[in-house]
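Data block below; observations after.
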Amino acid sequence: MLTSEHSIVEYEAGRAIPDRLTQTRHRHYVDYAERMLAVYRTGLGRQRRWLHQQIEAIFADEPNCPVRRIQAFCKLLDDKSTFQTDPAGKASRLRLEVFSQVACFHPLVQQSDQLFEHEEGKAKTALAESLGMPWDEIDRALYADVMAYQPLEEFAGYPDPAALLSRYNVAQLQACLYRAESMTVVATEDLKTIVRYAKLARLLHEIVRLGPSHFRLSFSGPASVLRETRRYGVNFARFLPALLACEGWSMTAIVRTPWNTRATLAVCDRDRFTSHLPAPEEFDSALEESFAGKFGPKRDGWQLIREGEILHDCQKTFLPDFTFRHDDGTEVFLEIVGFWTPEYLASKRETLRQFRHHNILIAVPQASVREGARILENVLVYKTALRLAPLMELLEAIRGKRTAGN
Numbered sequence: 001m002l003t004s005e006h007s008i009v010e011y012e013a014g015r016a017i018p019d020r021l022t023q024t025r026h027r028h029y030v031d032y033a034e035r036m037l038a039v040y041r042t043g044l045g046r047q048r049r050w051l052h053q054q055i056e057a058i059f060a061d062e063p064n065c066p067v068r069r070i071q072a073f074c075k076l077l078d079d080k081s082t083f084q085t086d087p088a089g090k091a092s093r094l095r096l097e098v099f100s101q102v103a104c105f106h107p108l109v110q111q112s113d114q115l116f117e118h119e120e121g122k123a124k125t126a127l128a129e130s131l132g133m134p135w136d137e138i139d140r141a142l143y144a145d146v147m148a149y150q151p152l153e154e155f156a157g158y159p160d161p162a163a164l165l166s167r168y169n170v171a172q173l174q175a176c177l178y179r180a181e182s183m184t185v186v187a188t189e190d191l192k193t194i195v196r197y198a199k200l201a202r203l204l205h206e207i208v209r210l211g212p213s214h215f216r217l218s219f220s221g222p223a224s225v226l227r228e229t230r231r232y233g234v235n236f237a238r239f240l241p242a243l244l245a246c247e248g249w250s251m252t253a254i255v256r257t258p259w260n261t262r263a264t265l266a267v268c269d270r271d272r273f274t275s276h277l278p279a280p281e282e283f284d285s286a287l288e289e290s291f292a293g294k295f296g297p298k299r300d301g302w303q304l305i306r307e308g309e310i311l312h313d314c315q316k317t318f319l320p321d322f323t324f325r326h327d328d329g330t331e332v333f334l335e336i337v338g339f340w341t342p343e344y345l346a347s348k349r350e351t352l353r354q355f356r357h358h359n360i361l362i363a364v365p366q367a368s369v370r371e372g373a374r375i376l377e378n379v380l381v382y383k384t385a386l387r388l389a390p391l392m393e394l395l396e397a398i399r400g401k402r403t404a405g406n
């Protein structure tokens with residue numbers, strides 16, 4: 001993703017309008033994109049600063065091209081690149097050795113004369129012999145720990161120029177969301193996929209049913225839960241490409257402007273932004289995946305179903321992580337809380353109260369439980385993983401009550 005320093009946003013009549021390259025106004029950028037990709041494809045072994053200089057040169061004659069746009073392209077190309085690094089700290093030790101040895105030759109000149117006798121070329125030759133490596137190799141390794149001087153090792157690239165330009169447009173949308181305080185998504189399709197991606201992005205959310213197959217998802221942001229930090233805005237940004245991959249949705253976000261006012265960013269599935277994401281993983285977290293693996297598809301007559309049902313109570317909507325369905329028809333739902341805040345846990349408790357006519361279990365991390373707090377009978381407390389024994393006891397207790405009631 002881009003950083004805030006690459007973000008280009010216009011604010012007009014209360015709207016936030018991120019920079020976007022269009023097929024009508026910026027058709028010639030396809031050629032620029034091809035040339036940029038060629039620089040990196042043929043630039044193996046070249047230093048990062050040289051690559052960036054070539055990208056800047058491509059836009060030298062392009063009018064009305066902001067510097068931030070060029071820097072953003074460099075960042076997106078770097079994101080697909082692998083550069084040689086110096087994790088062992090060899091460069092700093094090499095510099096110490098080089099500067100120590102050449103100190104006696106100071107000052108160095110290109111051509112010796114009556115005042116200065118030490119030539120740069122001869123000093124480099126003597127240094128190479130002393131260190132037992134060619135000067136070119138010394139020169140490449142001398143500042144290998146400085147990002148600008150790191151050589152390109154591999155470039156994964158983009159499928160074609162259009163893909164790079166499309167990625168730029170989405171990246172500018174994402175960068176705008178760094179300043180988001182809240183986000184609302186109205187969905188008519190792909191609700192389960194949208195919710196799954198929201199959980200993967202660690203977004204706290206509530207779902208309200210507006211009508212048949214019509215839902216509103218409200219995502220709180222840093223102003224309400226993380227005390228004005230931008231960390232949650234980054235989660236909004238990570239969620240965006242996943243949302244773009246879905247259908248039947250519209251999104252509005254309230255973003256804080258540089259003048260400390262508020263503006264609205266509005267996007268929908270008809271805006272023709274293209275997502276680069278693959279299909280979502282089956283599980284939202286390693287915790288859920290580990291639990292499903294331990295439980296298996298069926299255990300003691302209980303079938304495990306991933307996100308089996310969407311529960312409704314008036315306008316309130318709840319999508320549990322798992323459904324347990326017994327052979328005798330007993331149904332129990334499980335919600336696993338991983339990422340949490342006190343406000344989010346309070347919201348979950350209210351959800352459980354509203355859906356109390358359903359059999360719902362909730363698993364919460366031990367760190368979220370206050371010392372001395374009373375643990376409700378439908379709450380499972382875990383440290384790093386869910387234990388099956390207490391879960392099975394709860395499932396059988398619920399089944400026993402149902403059987404007794406019949």
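Residue numbering for the sequence shown follows the UniProt record's numbering, beginning at 1 and increasing consecutively. Each residue gets a CB set at the ideal place from its N, CA and C atoms; glycine is no exception.
#1: Out of curiosity, what's the CA-to-CA distance linking R140 and F155?
#2: Pull up the distance between the alpha-carbon of Y382 and that of Y29, whole angstroms please.
#3: What residue does the beta strand (DSSP E) around I360 start on, and which one ends it?
#4: Which one of Y143, E335, L177 has the shortest CA to CA distance from I305?
#5: Between A397 and the rest of its own chain, which residues show a CB-CB distance below 6 angstroms, the 5 nearest in sequence each way excluded?
#6: Under 8 angstroms: do the region 201-219 and the region 167-187 share three or more Cβ pairs, one atom per stretch?
#7: Return the residue from the list S4, I362, P63 that minimises the CA-CA distance to R25.
#8: Please report how far the alpha carbon of H326 lies from the alpha carbon of D300, in whole angstroms.
#9: Less than 6 angstroms between C-beta atoms, sequence neighbours within five positions excluded: which residues of the same chain meet that for L217?
#10: I'd like to confirm the pairing. Which residues does DSSP put opposite W259 in its beta bridges?
#11: Would the beta-carbon of F324 fall within 8 angstroms of that of L395?
#12: Can you confirm whether the region 95-106 touches the region 118-135 when touching is taken to mean that 3 or more C-beta pairs between the two stretches lie within less than 8 angstroms?
#13: Enumerate in chain order the residues of its own chain whose CB-to-CB distance from Q101 is below 7 angstroms, with the five nearest sequence positions on each side excluded.
#14: When you compare only the Cα positions, how much space is there between I8 and E393?
#15: Hey, would you say A385 sits closer than 8 angstroms to S285, going by beta carbons?
#16: With 16 as the cutoff for other CB atoms within 10 Å, does R227 come out buried or exposed?
#17: Give the list of continuous beta strand (DSSP E) stretches no shorter than 3 residues that lie fully inside the region 135-208.
#18: Using CA atoms only, rank isn't needed, just tell me which of K90, R41, Q23 is closest to P159.
#19: Just confirm the distance between the C-beta atoms of I194 and W249, as a whole number of angstroms; I'd bet it's less than 8 angstroms.
#20: In whole angstroms, give me the CA-to-CA distance for V332 and D313.
#21: Kindly list the residues whose CB is nearer than 6 angstroms to the CB of P18, restricted to its own chain and excluding five residues on each side of it in sequence; keep chain order.
#22: With distances taken between CB atoms, is the gap from A57 to D145 smaller than 8 angstroms?
#23: For D300, which of helix, strand or coil comes out of DSSP?
#24: To the nearest whole angstrom, what separates the beta carbons of V255 and A263, a pair I think is in contact under 8 angstroms?
#25: For V267 and E181, I'd like the C-alpha separation in whole angstroms.
#26: Per DSSP, H214 is paired with what?
#27: Count the other CB atoms within 10 Å of the CB of T330; is the residue buried (16 or more) or exposed (fewer)?
#28: What are the boundary residues of the alpha helix (DSSP H) that T125 is part of?
#29: Using the three-state DSSP reduction, which class does C268 fall into: helix, strand or coil?
#30: Measure from the alpha carbon of T261 to the alpha carbon of each residue in C246, A13, Q84, T3, then state which is nearest.
#31: Contact defined as beta carbons within less than 8 angstroms: I believe V39 pairs with Q23. What is the distance between those atoms, to the nearest angstrom?
#32: With DSSP collapsed to three states, give me the class of S59.
#33: How big is the Cα-Cα spacing for P365 and R349?
#34: What residues in its chain sit with their C-beta under 8 angstroms from that of P297, if we drop five residues either side in the sequence?
#35: R48 to L240, Cα distance in whole Å?
#36: Can you check which of these residues, F99, A33, P258, is closest to I70 by C-alpha distance?
Quick answer:
#1: Taking the CA atoms as reference points, R140 sits about 19 angstroms from F155.
#2: 53 angstroms
#3: 360-365
#4: E335
#5: none
#6: These segments touch.
#7: P63
#8: 9 angstroms
#9: V185, H205, I207
#10: Paired residue(s): none; W259 is not in a bridge.
#11: Yes, the Cβ-Cβ distance between F324 and L395 is below 8 angstroms.
#12: The region 118-135, when compared against the region 95-106, does touch it at the 8 angstroms Cβ threshold.
#13: The residues are L127, S130.
#14: Inter-residue distance for I8 and E393 is about 56 angstroms (C-alpha atoms, whole angstroms).
#15: no
#16: With a pLDDT of 48 at R227, under the threshold of 50, the predicted position of this residue should be treated as unreliable, and no value is reported.
#17: Taking 3 residues as the minimum length, the beta strand (DSSP E) runs contained wholly in the region 135-208 are 152-155, 180-187, in order along the chain.
#18: R41
#19: 7 angstroms
#20: 17 angstroms
#21: Around P18: V9, Q172, L173, C176.
#22: no
#23: Residue state, collapsed to three classes: coil.
#24: 6 angstroms
#25: In this structure, the CA atom of V267 is about 16 angstroms from the CA atom of E181.
#26: Looking at the DSSP output, H214 sits in a beta bridge with G211.
#27: buried
#28: 120-131
#29: Strand.
#30: A13
#31: So it is not a contact: roughly 23 angstroms between Cβ atoms.
#32: The residue asked about is misnamed: residue 59 is Phe in this sequence, not Ser. Looking at F59 - three-state DSSP - the assignment turns out to be coil, as it is neither helix nor strand.
#33: 14 angstroms
#34: Q303, L304
#35: 29 angstroms
#36: A33
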